[in-house]
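So the protein sequences, as listed, match chains A and B. For the first sequence, the residue numbers in this note's numbering are 772 to 918. For the second sequence, the residue numbers in this note's numbering are 774 to 1157. By construction, the Cβ of each residue, glycine as well, lies at the ideal position given by its N, Cα and C atoms.
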Amino acid sequence: MTISVREKTLFALLCVALPIVIMGAWIGCLSYDRATAEPYHVIVKGYDPRDLLHGKFLNVRYAWEDARSQKPNRDMNDLPISAKYYVPEWDAQDLETMLREDKNTFSADITLNRRNKTQIKALYIDDKPWEEALATWRENRDNSAHE
Amino acid sequence: MSLHRKLQKWVDANLISEGQREAILAHEQGRSGNLLKHGIGYVGVFSILLGIALIVASNWQYISDSTKLSTHFLANVILAALIFIWRDDATRIVHREGAVFALWGLTLTLIALVGQVFQMGGDTFSALRFWFWITTPLVLYYARGMYITALWAIFFVVYVPWEFFTSVIEKLPDDTTKMSAGMFFSALVPIGIYLLGGWQKLILDRPAMAKTFRAIGIIWAVACASGASFIFYAPEDAFTNLEHMTTLRATAFVSLMATLALWYGLRRVAWLATRERPLTDIVCFASAMMAIPYIIVYGNDMMSMLHFIFLWLGIGYLAQTGGFDRLVNLSILVVTARLFVGFLELFGSMMMSGFGFIVIGFVLMGLLYGARVVKRKLKSEAVA
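Here it is as structure tokens:
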């Protein structure tokens, strides 16, 4: 069986384009999902005190039952109960401590798609973006250490 | 030994002429010059890329998700376009190889970035699996060099059986079936991997990949067979929990027979290069030896030592027939170490270990003498 130059070119193009096309399609689908999924603001808690941080991920549990959580108009049994949220490695340890202290309220902006899958878009501590709240918490910790 | 000294020895032994020595040295010096030039070039490019990566990393939090994703995706598209443009350009082979390597790696980092941006929360293995399958056509079609093809082959040989183990064997109903299937798989797959590396088309098109497959086949077979000898150390109650010992033994026996049949068949096929025959013998011999502890099952320290030593003596002998001196040396070293450990286990005291070593020394010398006599006899019969 002989392969024509055109077929060979097409095959070469297919091999090199495959990772690009698949990644492009994947990113496109995820972006579409994020843009069209319904947004909710939900209170989150530490998922498992022994494994709050696995590597760079913060494992959280959705507190759908909390009165402050926005509840979707769906069967509550079908909703996901936990999620992982990526945080930079150098912030992970302190976030874990804050979550363990239980003095602050953690909440998240999430999206919920038609297949009941969630994506955490933003994490808040006492209704402030987590980066800001973490910076304040660190400042207070350092001040009390100096005193 | 340096090349100069080695060449001088060959000249002194009248194996090569003075002129040939000079020609070889001139060729090697030219190669070294190119190596230095290319090496410095690669280090320069690597340094620039590392610098860019560090600057990006230090400002990572201030870059928006869409900027991160689009820039990374664009870099991948540019690399893919370059690879495609350079696909038949003989003057750009090194550049194409570098671009393939970069796109291969950057596809993995793009997957990680997507996971991070969209908070996918997936595990590393899923990311690696996804990356492996979507980039495999790229590597198989474009990669030619040692590094990418060998890396891909190692990943393939580690990942695919592991996937098989976790998705098929782990889901089998009971421990006996799992152990039987695992043993059968571990005994026959190395032969398959080795034969894949011996496939002539692969050797011609991707010599580095074929070589890696052959090496992995040998390492896998020898490592599994060596590990199997430790089955004899298992406490007796480890096997009383297994429901159907007959299944395990029967599978081991079928595996042994299948390996021996394959070995017999492979010794007769024409396409295996003569140089490769001793290595094929080693893979088949080790795979066959792997089944034996599973047939006997109940054993002791002595049986473990005997199985291990017999395995490595066999490997050493087969390596000797093919002139693979380093493998012969390794087998001698391994046998010596195992003997030492074995006698410490068996006798404990220095006095008894001393006697033990003397006895085993005589046994080994007797074996050597016997092998020589048999070889001489076979040779004389062949001549007659």
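Cβ-Cβ distances below 8 Å link A/R805 to T882, Q890, K892 in the same chain, with the five nearest sequence neighbours on each side left out; the list follows chain order. Contact between the segment 981-997 of chain B and the segment 1054-1067 of chain B is present: three or more C-beta pairs spanning the two stretches fall below 8 Å. In its chain, beyond the 5 residues on either side, S1104, V1107, V1108 have a beta carbon closer than 6 Å to the beta carbon of B/W1085. Restricting attention to A/A838, A/R839, A/P859, the CA atom closest to the CA of B/S831 is found in A/P859. Between A/V831 and chain B, the shortest Cβ-Cβ separation is not below 7 Å. Counting C-beta pairs closer than 8 Å gives fewer than three between the segment 1035-1042 of chain B and the segment 1066-1073 of chain B, which falls short of the contact rule. Assigned with DSSP and collapsed to three states, A/R839 falls in coil, not helix or strand. Beta-bridge pairing by DSSP links A/E809 to A/L883.
Between A/L905 and A/D865 a beta carbon distance of about 6 Å is seen, short of the 8 Å cut, so the two are scored as contacting. When the beta-carbon positions are compared, B/A960 and B/M1063 come within less than 7 Å of each other.
Straight through space, the alpha carbons of B/L883 and B/G1000 are spaced by roughly 39 Å.
For A/S878, the closest C-alpha among the options A/K779, A/D862, A/R871, A/P900 is that of A/P900.
In this chain, the beta strand (DSSP E) harbouring A/T889 covers 889-896. Within the same chain, G888 come within 7 Å of B/G895 by CB-CB distance, once the 5 residues on both sides are set aside. Burial check for B/H1017: the Cβ neighbour count within 10 Å stays below 16, so the residue is exposed. Contiguous alpha helix (DSSP H) elements confined to the segment 831-917 of chain B occur at 838-858, 866-890, 897-915, taking only those with 4 or more residues.
Between B/I921 and B/W877 the beta-carbon gap is near 7 Å, inside 8 Å, which marks them as a contact. For the segment 852-872 of chain B, the set of positions with a beta-carbon nearer than 7 Å to some beta-carbon of chain A reads A853, I856, F857, R860 in chain order. Against chain B, the beta carbon of A/R805 has neighbours under 9 Å at F891, listed in chain order. With the criterion set as a beta carbon lying under 8 Å from some beta carbon of chain A, the members of the segment 899-927 of chain B are I907, T908, P910, L911, L913, Y914, Y915, in sequence order. For B/L855, same chain residues with a beta-carbon under 6 Å away, outside a window of 5 residues either side, are A872 in chain order. The Cβ-Cβ distance between B/A954 and B/I942 falls below 7 Å.
Per the C-alpha coordinates, the member of B/A875, B/A998, B/M1030, B/F1005 positioned closest to B/V818 is B/A875. Within the segment 875-887 of chain B, the residues whose Cβ lies closer than 8 Å to any Cβ of chain A are, in chain order, L876, T880, L883, I884, V887. Close to A/A783, with beta-carbon spacing below 7 Å, are these residues of chain B in chain order: F857, R860, Y914.
The three-state secondary structure of B/Y1071, taken from DSSP, is coil. Along the segment 877-901 of chain A, going in chain order, the ones with a CB nearer than 7 Å to a CB of chain B are Q890, I891. Secondary structure note for A/Y833: it is in no alpha helix (DSSP H), and the uninterrupted beta strand (DSSP E) holding it is 828-833. The C-beta of B/S1028 has 16 or more other C-beta atoms within 10 Å across all chains shown, which makes the residue buried. Between A/D898 and the set A/S775, A/A808, A/I814, the nearest pair of CA atoms involves A/I814. Excluding sequence positions up to five before and after B/L1100, its CB lies within less than 6 Å of the CB of A1092, all in the same chain and listed in chain order. In the structure shown, B/A1144 falls within a helical segment according to DSSP collapsed to helix, strand and coil. For B/N1102, no Cβ of chain A is located within less than 7 Å of the residue's own Cβ. DSSP places B/K779 inside the alpha helix (DSSP H), whose first and last residues are 776-785. What A/A788 touches in chain B, judged by beta-carbon distance under 7 Å, is A853, going in chain order. Taking a beta-carbon distance threshold of 7 Å, A/L801 counts as an interface residue toward chain B.
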